[in-house]
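Visitor: Pasting a structure here, questions to come.
Number of protein chains: 4
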Amino acid sequence: MGTRGTAEAADRPPKAVTRGNGLAAIMQSARGIFAERGYHGASIRDIAKGAGLSLSVLYYYHAGKQELLHALLEDALDDCRRGCETALATAGDDPAARLGAFVQATVEYRVRRQVDSLLALRELRNLEPERLERFVERRDALPKLLHEIIDDGVARGVFATPHPDEAQRAILAMCNAIAQWYQPGGDLSVTDLVERYVHLALTVVQHSPPPRRSRPKSR
Amino acid sequence: MGTRGTAEAADRPPKAVTRGNGLAAIMQSARGIFAERGYHGASIRDIAKGAGLSLSVLYYYHAGKQELLHALLEDALDDCRRGCETALATAGDDPAARLGAFVQATVEYRVRRQVDSLLALRELRNLEPERLERFVERRDALPKLLHEIIDDGVARGVFATPHPDEAQRAILAMCNAIAQWYQPGGDLSVTDLVERYVHLALTVVQHSPPPRRSRPKSR
Amino acid sequence: MGTRGTAEAADRPPKAVTRGNGLAAIMQSARGIFAERGYHGASIRDIAKGAGLSLSVLYYYHAGKQELLHALLEDALDDCRRGCETALATAGDDPAARLGAFVQATVEYRVRRQVDSLLALRELRNLEPERLERFVERRDALPKLLHEIIDDGVARGVFATPHPDEAQRAILAMCNAIAQWYQPGGDLSVTDLVERYVHLALTVVQHSPPPRRSRPKSR
Amino acid sequence: MGTRGTAEAADRPPKAVTRGNGLAAIMQSARGIFAERGYHGASIRDIAKGAGLSLSVLYYYHAGKQELLHALLEDALDDCRRGCETALATAGDDPAARLGAFVQATVEYRVRRQVDSLLALRELRNLEPERLERFVERRDALPKLLHEIIDDGVARGVFATPHPDEAQRAILAMCNAIAQWYQPGGDLSVTDLVERYVHLALTVVQHSPPPRRSRPKSR
DNA sequence: CATGAATGAGAATTCATTCAT
DNA sequence: CATGAATGAATTCTCATTCAT
């Protein structure tokens with residue numbers, strides 16, 4: 001909550017926000033408060049207060065609480081999808097490499113946008129039905145993509161899992177869960193985290209030859 | 001909602017409960033509504049209505065909304081723990097068997113008490129801090145237990161995973177997720193589900209010799 | 001506003017309302033405040049305060065502001081219609097007598113329920129479309145009835161007006177307007193008021209033989 | 001809303017106004033919206049939007065909502081009074097002729113400025129007390145004038161009404177009501193309307209010799 | 001003339017809870 | 001066990017208005 005950006009220390013008036021960037025302040029505050037207390041537990045008043053703004057500005061930028069949540073979620077999803085797409089675009093054709101790229105992108109996203117990840121995981125159901133439907137459609141592209149990667153690996157004989165459905169679900173579940181426990185400042189670096197989860201994923205799909213986590217020039 | 005009594009007279013108003021089991025009716029209704037809308041999204045009035053009872057009956061049985069949630073969660077946790085303990089009590093000493101028993105108990109629980117599972121997964125944070133602390137302490141016995149099983153297997157050389165922490169988290173995450181997607185009436189029986197998740201778990205910990213899911217006299 | 005009933009003076013606690021008759025108090029207060037400030041100008045808070053109750057009781061009795069207005073209007077309309085029906089039921093067959101009865105009922109109603117009259121005249125448009133439609137349908141029975149009386153008189157040759165439509169509108173308009181200016185305590189008694197408006201109405205429809213408003217000096 | 005400019009380029013956003021007549025556009029929009037939803041039900045934002053202008057333009061021209069309403073009402077009243085004065089100025093000395101002129105002016109006004117008429121009838125009470133008082137004073141010149149005409153006719157023996165007060169109120173009430181039901185495009189022309197209401201008014205005051213609506217068949 | 005950003009007061013409504021019976 | 005009536009705090013949202021540009 002408190003920990004704002006870097007160069008924002010001394011010279012500000014009672015307002016924490018300078019005129020003109022109200023939107024960003026609100027989004028940021030909403031992210032935190034929605035994540036902390038849940039959609040219904042979060043009051044729009046507190047969000048505004050957290051942004052250092054008056055209650056009503058919120059309505060200048062958004063049509064309401066619901067739309068605010070929606071905006072947050074859409075934004076997060078876009079970022080997540082972009083991450084995967086980029087990763088896969090450079091991963092080549094090998095199923096194991098593709099799976100690795102997918103997992104890496106997902107894990108990194110869960111860490112990079114941990115709060116948004118929690119939002120997407122928990123608060124989705126609070127979208128109005130219509131919004132929800134459209135959102136889920138877009139989101140489901142990701143599990144589907146993962147499934148295709150696994151199916152491809154199985155077809156080519158490099159993934160030996162007898163249960164591709166469960167493998168897909170398991171991989172996603174374990175990656176998603178990261179947002180719930182990972183502590184950025186802790187003793188597990190993101191690089192290591194990624195490496196371990198890629199390993200886990202390859203294990204889950206029973207990749208053979210045994211996943212040599214060699215990667216000669218691992219950054 | 002669903003479980004109506006047998007001898008229900010036709011001319012009775014929407015009372016879903018026969019005199020005497022008010023408590024059960026309330027718990028049942030609360031389960032459903034809390035799960036559907038979340039703690040803050042659920043109104044105690046709707047819970048009472050869902051139970052076919054008046055508001056005040058609810059207050060006769062429970063001190064308030066918070067206590068109601070707490071009761072639900074405690075009940076669910078007890079059940080979950082009992083399931084694991086029972087399963088492990090008869091599993092013997094073999095790490096693989098113990099892991100299998102743990103997973104089986106967990107999966108079966110997630111299916112048997114799917115709604116409560118969702119509650120425990122999502123609504124925990126709405127417990128008052130004090131309650132939460134006590135609850136989490138008790139709940140954390142389970143991951144810890146799982147961790148011990150894995151560590152034991154690793155020590156004995158039957159689990160080859162280089163990342164026991166991640167393995168433990170992954171196994172729990174994938175089991176927990178079941179509550180979010182499993183459809184009881186669907187084409188995946190609980191027996192099959194359990195078998196697959198046991199397989200998955202053994203795969204995750206890199207159990208060798210290769211997990212023969214033989215079980216000659218599988219029930 | 002201030003002027004409550006007769007025997008309600010000394011012995012009451014801080015609350016102006018005794019437990020159990022909240023509904024009546026609210027309706028009474030709403031009548032006054034809606035009439036005084038208009039639907040949108042009246043705040044539900046003030047209505048509650050005027051009733052000596054808390055804001056939320058209002059919602060115990062009514063679904064909301066809109067429904068409150070609706071209840072008021074329906075009640076008023078019922079009373080108005082009943083008045084006319086009763087009057088006409090005993091008026092016999094003579095068009096002049098019938099017109100007299102109609103006017104008398106209307107005028108008396110406007111005086112007896114002056115506040116509700118103002119509401120019906122002014123706040124009708126604030127009913128939601130659906131409610132409005134149903135209401136207007138019922139209300140329009142009255143102008144229609146008046147029109148029939150006039151047509152009948154014209155047909156029988158006792159009303160000489162060349163413009164029955166305008167006559168009907170004029171009679172209604174002038175009767176309705178009474179609610180806007182009549183002062184109960186003033187020097188014009190209701191009896192006189194009625195007599196004058198019956199005379200006016202008969203004049204408007206050009207009733208002949210010349211309306212002998214004789215009644216030597218009844219009462 | 002309706003009256004768009006003539007040379008309106010196609011590619012322009014929903015600006016209903018061409019630069020320069022902002023004031024008129026605002027007044028027009030306010031008229032419509034105040035009449036439709038009432039003073040308190042009308043939002044100044046919608047008025048601005050209806051005029052195709054930004055909120056602040058509105059504040060450039062008017063000090064606020066209240067002043068906007070006031071301006072509208074004053075304008076309307078001026079027009080109304082001017083109409084009567086002009087009509088009476090050329091009506092000569094005969095009470096019947098004067099009454100006819102008065103009614104004609106009033107009826108024509110109610111039709112010509114139907115919306116403003118509704119405003120004046122309904123929204124007057126929303127003027128701040130001080131404004132209201134001054135306004136009512138000016139407005140009351142009209143009923144007073146009508147009363148004088150009637151009194152004059154009675155004194156001269158050409159109006160036989162025994163109730164000049166009621167006659168005056170009735171005539172005004174019926175004329176005012178026109179704004180509530182008249183439909184400009186309908187099958188009743190303004191000329192006819194005026195003729196009928198002049199007849200009605202003369203009937204109400206019991207003008208004798210019997211109102212010869214002679215005018216053989218003028219237009 | 002015109003704008004976009006912001007505010008504070010107040011609107012209706014909901015909700016957990018209590019109390020007398 | 002059970003009810004109906006009532007409350008007060010909090011919630012989302014709207015609105016007239018202002019201000020810097």
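Protein chains in written order, with the working numbering: chain A, 1 to 219; chain B, 1 to 219; chain C, 1 to 219; chain D, 1 to 219. Backbone N, C-alpha and C define an ideal beta-carbon position, used for all residues, glycine too.
Please list, in chain order, the chain A residues whose beta carbon lies closer than 8 Å to that of B:Val198.
Guide: As a first step, residue 198 of chain B is located in the second sequence; it is residue number 198 there, counting from the start. Under the 8 Å cutoff, chain A gives no residues; its nearest Cβ is about 11 Å from B:Val198.
Visitor: Flag this pair as touching only if the region 146–154 of chain C and the region 69–78 of chain C have three or more C-beta atom pairs under 8 Å; answer yes or no.
Guide: Result no; under three Cβ-Cβ pairs closer than 8 Å.
Visitor: Answer with yes or no whether the minimum CB distance from B:Thr203 to chain A is below 8 Å.
Guide: Mapped onto the second sequence, residue 203 of chain B falls at position 203. It does; some Cβ of chain A falls within 8 Å.
Visitor: Rounding to the nearest angstrom, what Cα-Cα distance links C:Val136 and A:Glu36 in this structure?
Guide: On the third sequence, residue 136 of chain C is found 136 positions in, with the first residue counted as 1. On the first sequence, residue 36 of chain A is found 36 positions in, with the first residue counted as 1. About 51 Å.
Visitor: Candidates C:Tyr182, C:Arg110 and C:Asp116: which alpha carbon is nearest C:Met27's?
Guide: Mapped onto the third sequence, residue 27 of chain C falls at position 27. Closest option to C:Met27, Cα to Cα, is C:Asp116.
Visitor: Would you mind working out which of A:Glu85, A:Cys84 and A:Ala48 sits nearest A:Leu68, comparing C-alpha positions?
Guide: Counted from its first residue, the first sequence places residue 68 of chain A at position 68. When each option's Cα is compared against that of A:Leu68, the closest is A:Ala48.
Visitor: So is A:Thr106 buried or exposed if we call it buried at 16+ other beta carbons inside 10 Å?
Guide: Position 106 of the first sequence, counted from the start, is the residue given in the question as residue 106 of chain A. That one is buried.
Visitor: Since A:His207 sits in a beta bridge, which residues does DSSP pair it with?
Guide: One-based indexing of the first sequence puts residue 207 of chain A at position 207. Beta-bridge pairing links A:His207 to A:Phe159.
Visitor: So, with DSSP's three-state summary, where would you put D:Tyr39?
Guide: In the fourth sequence, the residue the question calls residue 39 of chain D occupies position 39. Of the three classes helix, strand and coil, the one that applies to D:Tyr39 here is coil, per DSSP.
Visitor: For D:Val107, name the three-state secondary structure that DSSP assigns.
Guide: Reading the fourth sequence from its first residue, position 107 is the one you call residue 107 of chain D. Correct three-state label for D:Val107: helix.
Visitor: Contact criterion: CB-CB distance below 8 Å. Does A:Met27 meet it with respect to chain B?
Guide: The count along the first sequence starts at 1 and reaches residue 27 of chain A at position 27. No - not a single Cβ of chain B is within 8 Å of the one on A:Met27.
Visitor: For the pair the region 190–206 of chain C and the region 124–138 of chain C, tell me if three or more CB-CB distances fall below 8 Å.
Guide: The region 190–206 of chain C is not in contact with the region 124–138 of chain C.
Visitor: Where does D:Tyr182 sit, in a helix, a strand or coil, going by DSSP?
Guide: Within the fourth sequence, numbered from 1, the residue matching residue 182 of chain D stands at position 182. Three-state result, D:Tyr182: coil.
Visitor: Go to B:Ala89, then tell me how far its alpha helix (DSSP H) extends in each direction, as first and last residue.
Guide: To locate residue 89 of chain B, count along the second sequence from 1; it is residue 89. Lys65 to Ala89 is the extent of the alpha helix (DSSP H) around B:Ala89.
Visitor: How about the region 86–95 of chain C and the region 56–66 of chain C: do they share at least three Cβ pairs that are nearer than 8 Å?
Guide: Because the criterion of three Cβ pairs below 8 Å is not met, the region 86–95 of chain C and the region 56–66 of chain C do not touch.
Visitor: Less than 8 Å between CB atoms is the rule here; does A:Arg122 satisfy it with respect to chain B?
Guide: Here residue 122 of chain A corresponds to residue number 122 of the first sequence, with the count starting at 1. Taking Cβ atoms only, chain B reaches closer than 8 Å to A:Arg122, which makes this a yes.
Visitor: Considering only C-alpha positions, which residue in the set A:Gln168, A:Leu188 and A:Pro184 is nearest to B:His163?
Guide: As a working mapping, residue 163 of chain B is identified with position 163 in the second sequence. Ranking A:Gln168, A:Leu188 and A:Pro184 by Cα distance to B:His163 puts A:Leu188 first.
Visitor: Judging by CA-CA distance, which residue of D:Asn126, D:Val154 and D:Leu121 is the nearest neighbour of D:Arg139?
Guide: For the purposes of this step, residue 139 of chain D is taken as residue 139 along the fourth sequence, with counting starting at 1. Among D:Asn126, D:Val154 and D:Leu121, the Cα nearest to that of D:Arg139 is on D:Leu121.
Visitor: Would DSSP call A:Ser56 helix, strand or coil?
Guide: As a first step, residue 56 of chain A must be located in the first sequence, where it is residue number 56. Three-state DSSP puts A:Ser56 in coil, outside helix and strand.
Visitor: In chain A, which residues lie less than 9 Å from B:Gly186 when you measure between Cβ atoms?
Guide: By 1-based counting over the second sequence, the position of residue 186 of chain B is 186. Result: empty, since nearest Cβ-Cβ is about 12 Å, beyond 9 Å.
Visitor: Alpha carbon to alpha carbon, what distance is there between C:Leu202 and D:His207?
Guide: As a working note, residue 207 of chain D is residue 207 in the fourth sequence. As a working note, residue 202 of chain C is residue 202 in the third sequence. Taking the straight line joining both Cα atoms gives about 14 Å.
Visitor: Can you find a C-beta in chain D that's less than 8 Å from the C-beta of C:Glu166?
Guide: The residue labelled residue 166 of chain C in the question sits at position 166 within the third sequence. So, interface residue.
Visitor: Does the beta carbon of B:Ala170 sit closer than 8 Å to a beta carbon anywhere in chain A?
Guide: Stepping through the second sequence from its first residue, residue 170 of chain B is reached at position 170. Answer yes: the Cβ-Cβ gap between B:Ala170 and chain A drops below 8 Å somewhere.
Visitor: Distance cutoff 8 Å, beta carbons only. Does B:His147 sit that close to anything in chain A?
Guide: Within the second sequence, numbered from 1, the residue matching residue 147 of chain B stands at position 147. By this cut-off, B:His147 is not an interface position.
Visitor: Grab the span of the alpha helix (DSSP H) containing C:Asp116 for me, first residue to last.
Guide: Start at 1 with the first residue of the third sequence, and residue 116 of chain C comes out as number 116. Here the alpha helix (DSSP H) through C:Asp116 covers Gln114 to Arg122.
Visitor: Would you say C:Gly64 faces chain D, with C-beta separation under 8 Å as the test?
Guide: Looking up residue 64 of chain C in the third sequence gives position 64. Closer than 8 Å: no.
Visitor: So, under 8 Å CB-CB, A:Leu193 and A:Val111 are touching, yes? Tell me the CB distance rounded to an integer number of Å.
Guide: Walking along the first sequence from the start, residue 193 of chain A turns up at place 193. Walking along the first sequence from the start, residue 111 of chain A turns up at place 111. Right, the Cβ-Cβ distance comes to about 7 Å (below 8 Å), so this counts as a contact.
Visitor: Between which two residues does the alpha helix (DSSP H) containing A:Asp46 stretch?
Guide: Here residue 46 of chain A corresponds to residue number 46 of the first sequence, with the count starting at 1. Here the alpha helix (DSSP H) through A:Asp46 covers Ile44 to Gly50.
Visitor: What is the residue span of the alpha helix (DSSP H) that C:Leu132 lies within?
Guide: Position 132 of the third sequence, counted from the start, is the residue given in the question as residue 132 of chain C. That run of the alpha helix (DSSP H) goes Pro129 to Arg139.
Visitor: From A:Arg169 to A:Leu146, what does the alpha carbon distance come to, in whole angstroms?
Guide: Translated into positions along the first sequence, residue 169 of chain A becomes position 169. Translated into positions along the first sequence, residue 146 of chain A becomes position 146. Going from the Cα of A:Arg169 to the Cα of A:Leu146 covers about 9 Å.
Visitor: Can you list, in chain order, the residues of the region 38–63 of chain D whose Cβ is nearer than 8 Å to any Cβ on chain C?
Guide: Those would be Gly38, Tyr39, His40 and Gly41, in chain order.
Visitor: Measure the Cβ-Cβ separation of D:Tyr39 and D:Glu123 and say whether it is below 8 Å.
Guide: Taking the fourth sequence and counting its residues from 1, one reaches residue 39 of chain D at position 39. Taking the fourth sequence and counting its residues from 1, one reaches residue 123 of chain D at position 123. It is a contact, given that the beta carbons lie within the stated cut-off.
Visitor: Do the CB positions of D:His70 and D:Leu142 come within less than 8 Å of each other?
Guide: The residue given as residue 70 of chain D occupies position 70 in the fourth sequence. The residue given as residue 142 of chain D occupies position 142 in the fourth sequence. Not a contact, by the Cβ cut-off of 8 Å.
Visitor: Closer than 9 Å between beta carbons: that is the criterion. Which residues of the region 91–109 of chain B meet it against chain A?
Guide: Correct list: empty, as no residue qualifies.
Visitor: Can you pull the chain D neighbours of C:Ala173, defined as C-beta to C-beta under 7 Å?
Guide: Position 173 of the third sequence, counted from the start, is the residue given in the question as residue 173 of chain C. Chain D residues near C:Ala173: Ala173, Met174 and Ala177.
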